[in-house]
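Heads up, the thing below is written out as structure tokens.
There are 2 protein chains.
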Amino acid sequence: MSKTVTKLDRDEVVFVARELVLREGPAALSMRRLATELDVGTPTIYWHVGSRDELVAAVVDAQAERLAERPIEGRTARDRVLSAALHIYAGAVEERAITSLAHQTGTSGRLLARLEAALVGELEAAGLRGAALGDAVRSILVVVTGSLVLTLRDYASRPDDRDHALWSGCDLDALTTDTLRAVVHRHVPPNKRSRS
Amino acid sequence: MSKTVTKLDRDEVVFVARELVLREGPAALSMRRLATELDVGTPTIYWHVGSRDELVAAVVDAQAERLAERPIEGRTARDRVLSAALHIYAGAVEERAITSLAHQTGTSGRLLARLEAALVGELEAAGLRGAALGDAVRSILVVVTGSLVLTLRDYASRPDDRDHALWSGCDLDALTTDTLRAVVHRHVPPNKRSRS
DNA sequence: ACCTGAACACCGTTCAAGT
DNA sequence: ACCTGAACACCGTTCAAGT
């Protein structure tokens, strides 16, 4: 009897850390706070994750994983690339607490890693190689990253939810789609592509 | 005789803070550290700048001011807009410690404020108004911001200067110019413009 | 007006010690 | 292998008190 005391997992530490950030913002993610949340001594967290930097990296990686789960849509290469990029953008805006955490810690790269991989896949399938591929990938990442930073500016570590509904239909969203479409148009050949 | 003890200035506090960041990276900017640097008690800094957030804002604003000093070149609207944008990009990469500080604290907006103003000026002179102007400005800021984040990724709070010379001729620099040119081309009419 | 010492409530991290 | 209490060296911020 009494409450079930499951042995603590590295995955659970990361999961609870993620939830803490989503619930109370990036600033709430301290080792001590997380320890209290897990009902555990602070050094226990170090045993499981090594350091705060590693913890943050793990949380961001987990988010990247989740963002990459959304299925890429469209039949032409251009549509699919655009779809992949917009998935990451939209997801990062929705869970902006974690996106902010990534920006603050300089780990935005990790957040985009899976998108980068997906883009390379789609673009190679579309026939791009070498420098052309690299330029296309980087251009798209530039637009996604820049849009994210501008969309989330002023949002720093406090979970103030005014205008929560406004974000979906905001100007910058439309402009992002537009700019993204232009960049994709510029770098990706228009050939149709059927999945074999 | 004895060393001249000038009365402390708000401007001097900000200046020394700026130098500290440039010399030892964003992480070195703590109120206590800065106080030691100024040979002063910690509360003195609070008397002059109010809080750490205000201090950071002031440092970033000072940097924005410096970036805006570089003269805009070119005779056509497109050239001048491109020139303004590249000035900010180049300057932000050169003094990347402060750029990182701005990103970490979510104040990248302040860093771009003067560029934004300059862009609005140039674009209005080129005949843009209303939504077209807003879209043009935001698209350009998106590319500048995105390029900055990608260029500076991995650089987090430590001033490790390997490849210091490589940055100037790096791939992303060329790509940034290229992408920027495309965005400008897309949003700014090609009309020539003479300064009256 | 300008500056201080001392304190409060936090941090990340380590380490000897427990089971 | 997994977890702890206690400590070290830091933070931002405040406040009564000094000149």
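In order, the protein sequences belong to chains A and R.
Numbering-wise (my numbering), the first sequence opens with residue 24 and increments by one.
Numbering-wise (my numbering), the second sequence opens with residue 24 and increments by one.
Ideal Cβ placement from N, Cα and C applies to all residues, glycine included.
If I measure Cβ to Cβ from residue 90 (chain A) and keep anything under 6 Å in the same chain, skipping five residues before and after, which residues do I get?
Here the set comprises 111 and 114.
Under 8 Å between C-beta atoms, does residue 114 (chain R) make it to chain A?
By this cut-off, residue 114 (chain R) is not an interface position.
Residues of chain R with CB closer than 8 Å to the CB of residue 168 (chain A), please, in chain order.
Residues of chain R passing the Cβ test: 168, 169, 172 and 173.
Could you check which residue in A:35, A:75 and A:33 has the C-alpha nearest to that of residue 53 (chain A)?
Nearest option by C-alpha distance: A:75.
Whose C-alpha, out of R:37, R:211 and R:70, is nearest the C-alpha of residue 60 (chain R)?
Nearest C-alpha to residue 60 (chain R): R:37.
Give a yes or no on whether 8 Å exceeds the smallest Cβ distance from residue 131 (chain R) to chain A.
Chain A, which has a Cβ nearer than 8 Å to the Cβ of residue 131 (chain R), makes this yes.
Which same chain residues, not among the five before or five after residue 44 (chain A), have their C-beta less than 8 Å away from its C-beta?
Correct list, in chain order: 51, 52, 82, 120, 121 and 124.
Using only CA atoms, which one of R:63, R:40 and R:41 lies nearest to residue 30 (chain R)?
Considering only alpha carbons, the answer is R:63.
Going by beta-carbon coordinates alone, are residue 163 (chain A) and residue 116 (chain A) separated by less than 8 Å?
Result no, Cβ atoms of residue 163 (chain A) and residue 116 (chain A) do not sit closer than 8 Å.
If we cut at 8 Å on Cβ distances, does residue 119 (chain A) have a partner in chain R?
Judged by the 8 Å Cβ criterion, residue 119 (chain A) is not in contact with chain R.
Taking the continuous alpha helix (DSSP H) assigned at residue 130 (chain R), which residues delimit it?
No alpha helix (DSSP H) contains residue 130 (chain R), which DSSP labels as neither H nor E.
For the alpha helix (DSSP H) that contains residue 213 (chain R), what are its first and last residues?
Unbroken run through residue 213 (chain R): none, as it is neither H nor E.
Quick one: grab the DSSP three-state call for residue 103 (chain R).
Helix, per DSSP.
Quick one: does residue 158 (chain R) have its CB under 8 Å from some CB of chain A?
Yes, residue 158 (chain R) counts as interfacial toward chain A.
In three-state DSSP terms, what is residue 139 (chain R)?
The answer is helix: DSSP assigns residue 139 (chain R) an H, G or I state.
Going by C-alpha to C-alpha distance, which of R:145, R:199 and R:208 sits closest to residue 166 (chain R)?
Ranking the options by Cα distance to residue 166 (chain R), first place goes to R:199.
Using a Cβ cut-off of 8 Å (strictly closer), state whether residue 126 (chain A) contacts chain R.
Chain R contact via Cβ: present.
Would you decide whether residue 213 (chain R) is buried or exposed? Buried here means 16 or more other CB atoms lie within 10 Å of its CB.
Classification for residue 213 (chain R): exposed.
Does residue 74 (chain R) have its Cβ less than 8 Å from a Cβ in chain A?
Not one chain A Cβ lies under 8 Å of residue 74 (chain R).
Between the beta-carbon of residue 85 (chain R) and the beta-carbon of residue 41 (chain R), is there less than 8 Å?
A contact, by the Cβ cut-off of 8 Å.
Below 8 Å between beta carbons: does that hold for residue 135 (chain A) and residue 211 (chain A)?
Their beta carbons are not under 8 Å apart, which means residue 135 (chain A) does not touch residue 211 (chain A) by this criterion.
Cα separation between residue 152 (chain R) and residue 80 (chain A)?
Rounded to the nearest angstrom, the two C-alpha atoms are 43 Å apart.
Run through chain R and tell me which residues come within less than 9 Å of residue 205 (chain A), C-beta to C-beta.
Simply 162, 205, 206 and 209.
Can you tell which of A:55, A:95, A:202 and A:141 has the C-alpha that lies nearest to the C-alpha of residue 78 (chain A)?
Checking every option, the nearest Cα to that of residue 78 (chain A) belongs to A:55.
Contact check, residue 160 (chain R) vs residue 126 (chain R) under 8 Å by CB: the rounded distance?
Not confirmed; about 20 Å, so no contact.
If the criterion is Cβ atoms closer than 8 Å, does the pair residue 175 (chain R) and residue 109 (chain R) meet it?
Contact flag unset, no.
Between which two residues does the alpha helix (DSSP H) harbouring residue 68 (chain R) extend?
Segment 65 to 72, the alpha helix (DSSP H) holding residue 68 (chain R).
For residue 157 (chain R) and residue 68 (chain A), I'd like the C-alpha separation in whole angstroms.
Going by the C-alpha atoms only, they are around 47 Å apart.
Is it right to say residue 107 (chain R) is buried, meaning 16 or more other beta carbons lie within 10 angstroms of its own, or is it exposed?
Residue 107 (chain R) should be labelled buried.
With distance defined between alpha-carbon atoms, name the residue in R:148, R:150 and R:196 nearest to residue 170 (chain R).
Nearest of R:148, R:150 and R:196 to residue 170 (chain R), Cα basis: R:196.
If contact means a Cβ-Cβ distance below 9 Å, which residues of the segment 52 to 71 of chain R contact chain A?
The residues in question: there are none.
List, in chain order, every chain R residue whose beta-carbon is nearer than 7 Å to that of residue 176 (chain A).
What residue 176 (chain A) touches in chain R: 129, 131 and 132.
Could you give the first and the last residue of the continuous alpha helix (DSSP H) run that contains residue 163 (chain R)?
From DSSP, the alpha helix (DSSP H) with residue 163 (chain R) extends over 153 to 175.
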